[in-house]
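Report on the structure given below.
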Amino acid sequence: MRFGTSSFKTLLLSNWKRSWPLGFGYCFVLFFSVAIPTWSVGRWSDRALLDMSDQLYNTITVMPVVAMIAALAVAMVMFDYLMKPSAVGMMHALPMRRSGVFAAQMVSGFSLLTAGNLFIALCTALLASTNGGVPLKALWLWLLCIELEEFFFFALAACCAAVTGWLLGLPVIYVGVNFMVLAYRLLLNMMAGAFYKGFSGMDQDQITKFTYWCTPVVKMVQSTEAETTADGYMNFVRVLPRSGLNTVWIYAAAGVALLALAWLLYRLRHSETAGSAIVFPWLRPIVCYVISVAGGLAIGTLVFTLISRDGTDRIGLVLWQIVMGAVTYCAVQMLLQKSYKIWHRRTWIGLAILAAILILIPTVIRLDPTGYQRRLPEAEDVHDVWISGGIIDGLDSKDPQTIADTIALHALLIDGAYDDDRYDSRETQYFHVTYTLKSGETFSRSYSYSIEDNALKTALGKLVNNPELRLRSIMEGREDYGTDFTGGMVYCWMSSADEMLLTAEQARALYDAALADAATPVDVDTLLEEYSSYHPAAYLDIELTTPKGTYTLRNVTPASTHILALLEEYGITRAMPEAFEEWNVLGVPYGDDVVNSAPAIEDLVPSSASMG
Amino acid sequence: MLEAKSVVKTFEGFRALDEATMTVPKGAVYGLVGPNGAGKSTIIRHFTGVYRPDSGQLLLEGQPIYENPDVKRRIAVIPDDWFYFPQANIAEMSRFYAGMYPTFDRERYQKMKQVFPISDVQPIRRMSKGQQKQAAFWLAMCCRPDYLILDEPVDGLDPVMRRQVWSLLLGDVAENGTTVLVSSHNLRELEDVCDHVGIMNKGKVLLQHSLSELQDNTVKLQVAYPGVEPELPAGLNVVHRSSVGRVHTYILRGNREEILATMATTNPLLLEAIPLTLEEIFIYELGGADYAVRDIVL
Chain C
-18 MRFGTSSFKT
-8 LLLSNWKRSW
2 PLGFGYCFVL
12 FFSVAIPTWS
22 VGRWSDRALL
32 DMSDQLYNTI
42 TVMPVVAMIA
52 ALAVAMVMFD
62 YLMKPSAVGM
72 MHALPMRRSG
82 VFAAQMVSGF
92 SLLTAGNLFI
102 ALCTALLAST
112 NGGVPLKALW
122 LWLLCIELEE
132 FFFFALAACC
142 AAVTGWLLGL
152 PVIYVGVNFM
162 VLAYRLLLNM
172 MAGAFYKGFS
182 GMDQDQITKF
192 TYWCTPVVKM
202 VQSTEAETTA
212 DGYMNFVRVL
222 PRSGLNTVWI
232 YAAAGVALLA
242 LAWLLYRLRH
252 SETAGSAIVF
262 PWLRPIVCYV
272 ISVAGGLAIG
282 TLVFTLISRD
292 GTDRIGLVLW
302 QIVMGAVTYC
312 AVQMLLQKSY
322 KIWHRRTWIG
332 LAILAAILIL
342 IPTVIRLDPT
352 GYQRRLPEAE
362 DVHDVWISGG
372 IIDGLDSKDP
382 QTIADTIALH
392 ALLIDGAYDD
402 DRYDSRETQY
412 FHVTYTLKSG
422 ETFSRSYSYS
432 IEDNALKTAL
442 GKLVNNPELR
452 LRSIMEGRED
462 YGTDFTGGMV
472 YCWMSSADEM
482 LLTAEQARAL
492 YDAALADAAT
502 PVDVDTLLEE
512 YSSYHPAAYL
522 DIELTTPKGT
532 YTLRNVTPAS
542 THILALLEEY
552 GITRAMPEAF
562 EEWNVLGVPY
572 GDDVVNSAPA
582 IEDLVPSSAS
592 MG
Chain D
168 MLEAKSVVKT
178 FEGFRALDEA
188 TMTVPKGAVY
198 GLVGPNGAGK
208 STIIRHFTGV
218 YRPDSGQLLL
228 EGQPIYENPD
238 VKRRIAVIPD
248 DWFYFPQANI
258 AEMSRFYAGM
268 YPTFDRERYQ
278 KMKQVFPISD
288 VQPIRRMSKG
298 QQKQAAFWLA
308 MCCRPDYLIL
318 DEPVDGLDPV
328 MRRQVWSLLL
338 GDVAENGTTV
348 LVSSHNLREL
358 EDVCDHVGIM
368 NKGKVLLQHS
378 LSELQDNTVK
388 LQVAYPGVEP
398 ELPAGLNVVH
408 RSSVGRVHTY
418 ILRGNREEIL
428 ATMATTNPLL
438 LEAIPLTLEE
448 IFIYELGGAD
458 YAVRDIVL
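From first to last, the protein sequence lines stand for chains C and D. Per our numbering, residue -18 is the first one in the first sequence, and the count goes up by one each step. Per our numbering, residue 168 is the first one in the second sequence, and the count goes up by one each step.
So, in structure tokens, the structure goes:
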């Protein structure tokens, strides 16, 4: 590969001359998305340099998308000759080695992008200087990032161009390669959601990281998102995170490997393959199965969702996936063979293999070889647990009792024959749990189930009546606020009445009432009933103030008998009847009977002074 | 000298070249003929370094052609489907070829403006097929190649331009010793220009000879006798005979002078040796050998 030869220079010049409209278009887009906005933000600003710098850092975040599209367009222009038999005949008859032609095309393409980037950097600098300064560091980082990103994407596009002899196939393959892992991740998530009981996304962070690394544009956008940092007093500036630049460098290094691969593939490909969708015979079955399996899973699920009544027939889902996979397979075969006549023995064998794969995927998921569905942590291994869903308010707890109760309920959901497909019951409940283990690992599960089993109801009742959960369900606020109340306030946003102020004594009494309500066991059926109804907490703000912070009472339901008794006593139920009307309309018992039946506070909690 | 030695090329199971072997002598005008799908264009793309053979060798004066820029610099090619950059004109393409071929002759390029009645600043894409072919000849001949490889070169050219082009080509052969390999499915096209001919069918080179060798060894006679046709003298190798009235036509193998002397002993009223066409040579050379020669030449 001799870069200084006359042939190389001739090809380079010829490429530049041919592709100037593309370079012009590229500069046009960048001028209006980088240079003009940068100049514009600094025009009327009294901190022009910082604002222009911020703008450039914000621009860096979207540059991976620009780089991905630009690299594809340039690759399509530079390697279009590979797609036409006459053009490839001319280019490969020239007195140059294949490597020389490849190098000339790569250098032409990348230099075209680089020239555009340098031009835009110059324009941006010139325009910025009219605002009083040039944000040199941000501009340099913008240039460096887009150069490295374009290098990676151009090498990737060259790889794609080297495996196809069909110009329209190039963007299809390029987009496929860019998003294939993410697409498969989503499809497998979807399948796991359909076939795993309790599925709540994949546990392993490593898989997520791998997925994003294999989806370069997403990873680059995430990594180069500018951070805001304080630069002196009240002077916040945007900066490119160090990890973002590192990520771009890593992709640039990967671009070198891709470049080597593209060069190898380019040398291996035969000139006569111009016009073929995939030029390497060994690659065709891989492409065919990758697309067909993805098409079967995605289109099959879509069709099944559209025509299925309740979406619970797993066999029907698999059958539709096989049918749509077969349709995709035939379409891909027609494209690869450039013929409608694909019905030969090999096609039938291929279809059989595809059907086997599409049956195997849900079967393997259902058989659960990794033990995903039955995974239950030991209580002593759990650092904290986050639970939510239905009658359980979102709660993050390190309390061993709460953790034990959560695991007990979780175990019943795993062991029991609770069908998570039934959504028609009034008593359908949702349960989402995320365990954070002491090892640092986290994993989550989600269930929907119908309470018809006494054991399950008992476990749920135990969990929701756990004092910690119950208290935090009723009252929001930190323990270290203490009980040195200074007052409080009740406000009903449904009512025309003004907010009512509470005295310190009233606030303390309400606090004690909340503790008493939290300590009072509540029947699960009552909670289920309340769950499907409105209650005053939906309309009331009750705040109890201490010098250290404010407690908020929430979830004031008919079961909150002590709080309700005090609200009645303070005349709040009469002053703000709108908060309670809805409740009555819905037929939930409320009135003197409820209030009068409440046990005395002092019977339930020893003393409010002992709290806090 | 261009050589193909046992070249095999398969396109997804189809054997386009099947142990094809041929030799184009230096300074020759070699006509490669054969029916459609015989493998002519395929072997030509091997000679121009476009295709890589599955097996066998393609050599130019003993040097491999594939991936050998030094050798390919000595070859210019006009393929059947000549490619040009879509927005280019002849002048721009000439600069491209001048950069690729050190032997590109700019003086000749200017002179050829007199030969080809086309504008060199008009975009090539706007030219007719025949004009594009003229442009291809213009540029290829300015490269001053040692070896010129032409695939169906005069398709689309009018008769006057055909004559002009062949005249230029033969002038280069005479002046510079340029070797020309030209493929055609039409023997009559090549008859006046080739001194060597190879015939291809089904991926094989069935036969290759110099035209003079063929013509020296085969004689076509027209003979008329006053009465009944006598018995021909023994020792004559008659390949073919036919009669129209009292005029008999014989194709005989052997030395022309010796055959004429022998036939004179039969006292004919008329004895005349007439030139053989390429078509006849191949029909009679290969006739009866179970080759589809008629399909090839007709």
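A virtual CB, placed ideally from N, CA and C, is assigned to each residue, including glycine.
Notebook entry, point to check: Considering Met470 (chain C), what are the terminal residues of the beta strand (DSSP E) in which it resides?
Noted result: Gly468 to Cys473
Checklist line | 6 Å Cβ shell around Ala265 (chain D) - same chain, five flanking residues per side excluded | finding: Phe271
Margin query: My output table needs one value for Trp(-3) (chain C): the three-state DSSP class, helix, strand or coil.
Written below: helix
Notebook entry, point to check: Between Thr385 (chain D) and Leu317 (chain D), which are expected to be in contact by the criterion C-beta below 8 Å, what is the C-beta distance as a whole number of angstroms?
Noted result: That pair is no contact at about 27 Å.
Item checked: Sequence ranges, alpha helix (DSSP H) only - wholly within the region 295 to 327 of chain D, length at least 4 -> 296 to 309
Notebook entry, point to check: Going along the chain, which residues of the region 218 to 238 of chain D sit with their C-beta nearer than 9 Å to a C-beta in chain C?
Noted result: Tyr218, Arg219, Glu234, Asn235, Pro236, Asp237 and Val238
Next item on the list: Could you say which of D:Val321, D:Thr209, D:Pro253 and D:Arg408 lies nearest to Gln389 (chain D) if we only look at CA atoms?
Entry: Closest option to Gln389 (chain D), Cα to Cα, is D:Arg408.
Checklist line | Nearest neighbour of Leu445 (chain D), chosen from D:Pro393, D:Gln281, D:Val360 and D:Leu437 [CA to CA] | finding: D:Val360
Next item on the list: Express the C-alpha separation of Thr467 (chain C) and His543 (chain C) in angstroms, rounding to a whole number.
Entry: 21 Å
Check: What residues from chain E crowd round Phe252 (chain D), counting only those whose CB sits closer than 8 Å?
Finding: The structure shown contains no chain E; its protein chains are C and D.
Margin query: Here's a check: name, in chain order, each residue in its chain whose Cβ is nearer than 8 Å to the Cβ of Gly113 (chain C), leaving out the five neighbours to either side.
Written below: Gly23, Ala29 and Leu30
Note to self: If I follow the unbroken beta strand (DSSP E) through Asn404 (chain D), where does it start and stop?
What the structure shows: Asn404 to Val411
Margin query: Using beta carbons (cut-off 8 Å, strictly below), is Thr145 (chain C) in contact with chain D?
Written below: Chain D contact via Cβ: absent.
Check: What do you reckon, are the CB atoms on Leu534 (chain C) and Leu491 (chain C) nearer than 8 Å?
Finding: With respect to Leu491 (chain C), Leu534 (chain C) sits close: the two C-beta atoms are nearer than 8 Å.
Next item on the list: With a threshold of 16 other CB atoms inside 10 Å of the CB of Lys(-10) (chain C), please say whether the residue is buried or exposed.
Entry: exposed
Margin query: For Leu430 (chain C), count the other beta carbons within 10 Å of its own beta carbon; 16 or more makes it buried, fewer makes it exposed. Which is it?
Written below: Note on residue identity: the sequence assigns Tyr, not Leu, to residue 430 (chain C). Buried.
Note to self: Let me check one thing: in DSSP terms, what residues is Ser429 (chain C) bridge-paired to?
What the structure shows: The partner list for Ser429 (chain C) (beta bridge, DSSP) reads C:Tyr411.
Notebook entry, point to check: Closest Cβ-Cβ distance between Pro266 (chain C) and chain D: below 8 Å?
Noted result: no
Next item on the list: Give the secondary structure of Pro442 (chain D) by DSSP, where H, G and I count as helix, E and B as strand, and everything else as coil.
Entry: coil
Next item on the list: Would you kindly report the start and end of the unbroken alpha helix (DSSP H) that includes Asn235 (chain D)?
Entry: Where Asn235 (chain D) is concerned, there is no enclosing alpha helix (DSSP H), given that its DSSP letter is neither H nor E.
Check: Given Gly206 (chain D), which residues of its chain have a CB within under 6 Å of its CB, disregarding the five upstream and five downstream residues?
Finding: Correct list, in chain order: Ala183, Leu184, Met367 and Gly370.
Margin query: Please list, in chain order, the chain C residues whose beta carbon lies closer than 9 Å to that of Phe271 (chain D).
Written below: By Cβ distance, chain C contributes nothing, its closest Cβ being about 10 Å from Phe271 (chain D), past 9 Å.
Next item on the list: Please list the residues of the region 47 to 72 of chain C that have a C-beta atom closer than 9 Å to any C-beta atom in chain D, keeping them in chain order.
Entry: Tyr62, Lys65, Pro66, Ser67, Ala68, Val69, Gly70, Met71 and Met72
Notebook entry, point to check: In whole angstroms, what separates the C-alpha of Arg223 (chain C) from that of Val229 (chain C)?
Noted result: One C-alpha to the other measures close to 10 Å.
Item checked: C-alpha gap between Thr409 (chain C) and Met470 (chain C), whole angstroms -> Rounded to the nearest whole angstrom, the CA to CA distance from Thr409 (chain C) to Met470 (chain C) is 36 Å.
Next item on the list: Go ahead and pull the three-state DSSP assignment for His251 (chain C).
Entry: coil
Check: Quick one: Cα of Gly277 (chain C) to Cα of Leu300 (chain C), how far?
Finding: 10 Å
Check: Who are the near neighbours of Ala307 (chain D) in its chain, counting only those whose CB is closer than 6 Å to its CB and skipping five residues on each side?
Finding: Ala243 and Ile245
Item checked: Limits of the unbroken beta strand (DSSP E) element including Thr282 (chain C) -> Element bounds for Thr282 (chain C): not the beta strand (DSSP E) but the alpha helix (DSSP H), Arg265 to Ile288.
Margin query: In the DSSP assignment, the alpha helix (DSSP H) including Ser261 (chain D) goes from what residue to what residue?
Written below: Ile257 to Met267
Next item on the list: Might you give, ordered along the chain, the residues of its own chain that have their beta carbon closer than 6 Å to the beta carbon of Trp244 (chain C), omitting 5 neighbours on each side?
Entry: Phe83
Check: Of all the CB atoms in chain C, is at least one closer than 8 Å to the CB of Arg212 (chain D)?
Finding: yes
Notebook entry, point to check: Exposed or buried, what is Phe13 (chain C) when buried is set at 16 or more other beta-carbons lying within 10 Å of its beta-carbon?
Noted result: Classified as exposed, Phe13 (chain C) has fewer than 16 neighbouring CB atoms from the shown chains inside 10 Å of its CB.
Checklist line | Sufficient close CB pairs (3 or more, under 8 Å) joining the region 156 to 168 of chain C to the region 70 to 81 of chain C | finding: no
Next item on the list: Would you mind stating whether Ala488 (chain C) and Leu450 (chain C) have Cβ atoms separated by less than 8 Å?
Entry: Using a Cβ distance threshold of 8 Å, Ala488 (chain C) and Leu450 (chain C) do not count as a contacting pair.
Check: Using 8 Å as the limit for Cβ to Cβ distance, is Ile448 (chain D) near chain C?
Finding: no
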